[in-house]
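There are 2 protein chains.
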Amino acid sequence: MKKFMNQPDTMLTESLQGFAAAHADLVTLQLEPNYLVRAKKAQNKVAVISGGGSGHEPLHSGLLGYGMLDAVCPGFVFTSPSPDQMLAAAEAVECGKGVLFIVKNYAGDVMNFEMAAEMLSCESATVLTSDDVAVENSTYTTGRRGVAGTVIVEKVVGSLAETGADLATCKALGDRVNRRTASMGVALTSCTVPAAGKPTFELGEQELEMGVGIHGEPGRRREAMRPADEIVADLVKAILHDLAPAAGSEILLLVNGFAATPLMELYLLYNSAARLLQSHGLIISRSLVGNYTTALDMAGASITVCLLDDEIKQHWDSPVHTAALRWGM
Amino acid sequence: MKKFMNQPDTMLTESLQGFAAAHADLVTLQLEPNYLVRAKKAQNKVAVISGGGSGHEPLHSGLLGYGMLDAVCPGFVFTSPSPDQMLAAAEAVECGKGVLFIVKNYAGDVMNFEMAAEMLSCESATVLTSDDVAVENSTYTTGRRGVAGTVIVEKVVGSLAETGADLATCKALGDRVNRRTASMGVALTSCTVPAAGKPTFELGEQELEMGVGIHGEPGRRREAMRPADEIVADLVKAILHDLAPAAGSEILLLVNGFAATPLMELYLLYNSAARLLQSHGLIISRSLVGNYTTALDMAGASITVCLLDDEIKQHWDSPVHTAALRWGM
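Heads up: the protein sequence lines correspond to chains A and B, in order.
Start counting the first sequence at 1; every next residue gets the next number (UniProt numbering).
Start counting the second sequence at 1; every next residue gets the next number (UniProt numbering).
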């Protein structure tokens, strides 16, 4: 294992300090318990908070800022943050309209965010993301896993919250976006957790893991490596089976890299997926391509489709200013 | 070698088509000869054009758009584009104030851009970037290599060109930014050219290549893997030796990933480099962290320092709208 680090046990803190220093105009870092808040606290809005294990950057820290998140709780690598992190973050950013937690569906995260919500003195609600159609139940979940579609939920709900919408309305939109979003991924290599020092799983030189999770957990099956078009066809088939969109539906197509796959390959996957989705009569009216929900140093990618409607489109397009997503300002 | 592709010989075209489809609001792709132009042609400005071998994405295609480039000529992987691509691109975007080529200093690129300039009927000039302090002369260059500092040159010159500045003024600023910018990189793994199908070089499990080029060409020396702070110290030392900045100087610090290194590690490198540069009395007033000048699927990173002045800062901060860099609009 070769990683840029000093020691595994200081890696997260050093990385968070670098992130906060590089984006000091946007974010402020608090340590022990660890959380990040916007450099300028927002007022008169639902406080939108996310978090989860580290190793998925830019999710969630890179999505902190105007139009998206108010606070982020980074856990250790692939480990849920603790309730005290969530509670401290919520108390720092709550401003009278309650707290909305956006939580990827993993057992540890769900449990800890529930504990934080119980301890919180203000009103709160939770949107649980579960866009991964690869498997029902899995290593770390009851029910489907939350993966790259979480970025879309956070963008759309974050935008609505900026308008001053109330907690129930924000939660309802988040749940709706989650229901209209489906993802599936594929790994070409494993990832290596720094403290473990060896790959989480083994893949042969001619193998891929179809339906892999973002922690390297197993997907649907181990398969032989094959042309991109065939891989994309399997991913798209699973997604369309789940969403069952009507011909003529407008969609957002997200091609997400797991970190180690170059942009050149991600755009090739986009090309393949876009053609296939269009051949099913779908209209790709919004796109995002890049590394947004990663799995440490894994090579691989996922495809996400979100069925748009006017409200979701409007909140996708609205101004946003975070480290990883920025437009309109 | 596992890559998302169909066949090596269609990989570039498919990837370009995906890029153009995903960013149809920003760019238009022409094939045979291959070049990309802004979706909306600019008027009354110097046309700023760059290009080079593919495999360094988002450089240069991701930097096409308002405030940066007017056209981009993508060569095959790690191969210079041809003069006919450059000529066609220049003729498509020239609008009366001449053409400025921004060219990374590699022998093939320099020769082909010179040929294109000679064939061009309008006025033209060239800014040659050479920010890599690792080696004088190298596998593909006479003189220093142009690497990630090229992004800064393209941002600053692109901004000046939008103001209607003339060709000589744009070239002068580009040359000045290049002189004030120094970079050095380190590889933890090799990269694999798709058509070759095997790694360009071999690195042991406990080795790194200090001063590596962005095509995997040799750097200063093969060394033992060691803590990030020590690696950063060597990179920063070489950069400061070259720039010799006065204490109190304002700088832009760019930590650039070569593609396969996760953001978590890049921010850790930023943290280490920022502290070290501050201990030398330098003021980091602008920052950029991410994968901007990549080397196919190489794991590794480079550090770039640009000595700012008021004019450079103003043009760094000005609005930009490209696939990879966007702010202020």
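All C-beta atoms, glycine included, are put in the ideal place defined by N, C-alpha and C.
Residue i: which of the options sits nearest, CA to CA?
i             : options                           : result
G149/B        : D175/B, A168/B and D317/B         : D175/B
K171/B        : M1/B, G158/B and S183/B           : G158/B
A71/B         : S279/B, M86/B and P218/B          : M86/B
L167/B        : D310/B, E118/B, A182/B and V99/B  : V99/B
T126/A        : S302/A, M115/A, R326/A and D132/A : M115/A
L253/A        : S54/A, T141/A and L307/A          : L307/A
residue 336/B : E223/B, G248/B and T189/B         : A query on residue 336/B cannot be resolved here, the shown segment of chain B reaching from 1 to 329 and no further.
R180/A        : L160/A, V186/A, G219/A and S130/A : S130/A
D310/B        : W327/B, R286/B and A20/B          : R286/B
G75/A         : A90/A, H56/A, G281/A and E91/A    : H56/A
L266/B        : A42/B, L288/B and Q43/B           : L288/B
A182/B        : L240/B, R220/B and M225/B         : L240/B
A151/A        : Q43/A, T10/A, M5/A and N291/A     : Per the sequence shown, residue 151/A should be read as Val rather than Ala. The shortest C-alpha separation from V151/A is found at N291/A.
E162/B        : V37/B, A42/B and Q314/B           : A42/B
R222/B        : E230/B, D229/B and E202/B         : E202/B
A88/A         : A244/A, R220/A and A117/A         : A117/A
Exposed or buried, which one is residue i when buried takes at least 16 other CB atoms within 10 Å?
i      : result
N105/B : buried
P83/B  : buried
P227/A : exposed
M184/B : buried
P246/B : The amino acid at residue 246/B is misidentified as Pro; the sequence shows Ala. Exposed, by the Cβ-count rule.
D317/A : exposed
K2/B   : buried
Q7/A   : exposed
N271/A : buried
I283/B : exposed
R145/A : buried
N137/B : exposed
A196/A : exposed
H280/B : exposed
G328/B : exposed
K40/A  : exposed
D109/A : buried
G248/B : exposed
Q17/A  : buried
A224/A : exposed
M119/A : exposed
G52/A  : buried
A244/B : exposed
For a contact defined as C-beta to C-beta under 8 Å, what are the partners of residue i on chain A?
i      : result
E162/B : Simply none; closest approach about 19 Å.
P262/B : G55, E57, A259, A260, T294, L296 and D297
How many whole angstroms separate the CB atoms of residue i and residue j, which I take to be in contact at a CB cut-off of 8 Å?
i      : j      : result
V156/B : I312/B : 6 Å
L63/A  : L263/A : Contact flag wrong, Cβ pair sits at about 20 Å.
D242/A : V133/A : 4 Å
C122/B : K45/B  : That belief does not hold up - the Cβ atoms of C122/B and K45/B are roughly 13 Å apart, past 8 Å.
F258/A : T200/A : That pair is no contact at about 12 Å.
E154/A : S50/A  : 6 Å
E14/A  : L268/B : 5 Å
L128/A : V103/A : 5 Å
P194/B : T139/B : At roughly 20 Å, the Cβ-Cβ gap does not stay under 8 Å, so P194/B and T139/B are not in contact.
H60/B  : L160/B : About 18 Å; that fails the 8 Å criterion.
Please list, in chain order, the chain B residues whose beta carbon lies closer than 7 Å to that of residue i.
i      : result
Q17/A  : N271
L276/A : Those do not exist, as L276/A stays about 12 Å from chain B at its closest Cβ, beyond 7 Å.
A301/A : F4
L268/A : F4, M5, M11, E14, S15 and G18
Is residue i close to the ligand PLP? I mean its beta-carbon at under 7 Å from any heavy atom of the ligand.
i     : result
M68/B : You won't find the ligand PLP in this model; it holds no ligand whatsoever.
Using a cut-off of 9 Å between C-beta atoms, extract the partners of residue i located in chain B.
i      : result
I231/A : F4
E265/A : K3, F4, M5, M11, S15 and D297
V289/A : G18, F19, A22, H23 and A323
Would you mind telling me which residues of chain B sit closer than 8 Å to residue i, beta carbon to beta carbon, in chain order?
i      : result
P227/A : M5, N6 and Q7
Please compile the residues from chain A whose C-beta is within a distance smaller than 7 Å of the C-beta of residue i.
i      : result
L188/B : K2
W327/B : R326
### Query
Is the number of C-beta pairs between the region 213–227 of chain A and the region 286–302 of chain A that are closer than 8 Å three or more?
yes
**Prompt:** For the region 309–326 of chain B against the region 21–29 of chain A, are there 3 or more C-beta pairs whose distance is under 8 Å?
**Reply:** no
Notebook entry, point to check: Can at least three beta-carbon pairs, one atom from the region 272–286 of chain B and one from the region 232–241 of chain B, be found at a separation below 8 Å?
Noted result: The region 272–286 of chain B is in contact with the region 232–241 of chain B.
Quiz prompt | Inter-stretch contact at 8 Å, needing at least 3 Cβ pairs: the region 199–207 of chain B / the region 55–72 of chain B | solution = With the cut-off at 8 Å, the region 199–207 of chain B and the region 55–72 of chain B do not touch.
Can you find at least 3 beta carbon pairs, one from the region 32–50 of chain A and one from the region 71–81 of chain A, that sit closer than 8 Å? yes
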